[in-house]
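Throughout, the working numbering is defined as the position within the sequence shown, counted from one, plus 286.
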Amino acid sequence: MEKLDGDTLTEEENKQIISEIEDLNGILEDKQSKQITLDDQITDIKDEILRKEILTISLEMAKTSDATKDKNLNEKMKEELFSKLKILEEKKEALTQKLSSFNPAIANQFRTSTPTAQVEIMDLK
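Spelled out as structure tokens, the structure:
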């Protein structure tokens, strides 16, 4: 039913076109809904993996931090442990920022710092 310029559509043709448009809109909405669901699932999986990595790093940081308190460690070993802690903290921070729920304003409220080697001031008196 090809119409030439100047021809108008019948009421039945208008209804058919409107029905087809509504059907297509329904299909589009369904696909968009499925895409949103799929995106949410992907985000959840990524976040779960990131949280596991963050937890692993946190445990390693705790072990390393505990190791720095050993009285039998020489200064070089302590410095190496503190260096390792700094690297672990940077990795943890980078992974944390990749979480979908990461909010910098909230994160700053709970910011902790990595312990650093204490330089003792010698009393020269």
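We put the beta carbon where it would ideally sit given N, CA and C, even for glycine.
Anyone know if the C-beta pair for residue i and residue j falls short of 7 Å?
i	j	result
Thr-354	Lys-364	yes
Considering only residues of the same chain and omitting the five flanking positions on each side of residue i, which have a CB-CB separation below 7 Å?
i	result
Glu-346	Leu-374
Leu-336	Leu-381, Lys-384 and Leu-385
Please return the same chain residues whose Cβ sits closer than 6 Å to the Cβ of residue i, not counting the five positions on each side in sequence.
i	result
Asp-330	none
Which residues in the same chain as residue i place their Cβ atom closer than 8 Å to its Cβ, once the five residues preceding and following it in sequence are excluded?
i	result
Lys-378	Ile-340, Ile-343, Ser-344 and Met-347
Glu-297	none
What's the C-alpha gap between residue i and residue j?
i	j	result
Lys-301	Asp-309	12 Å
Ile-304	Lys-317	20 Å
Ser-369	Leu-359	15 Å
Please give me, in chain order, every unbroken run of the alpha helix (DSSP H) with length at least 4 that falls completely inside the stretch 319 to 366. Here no run is fully enclosed.
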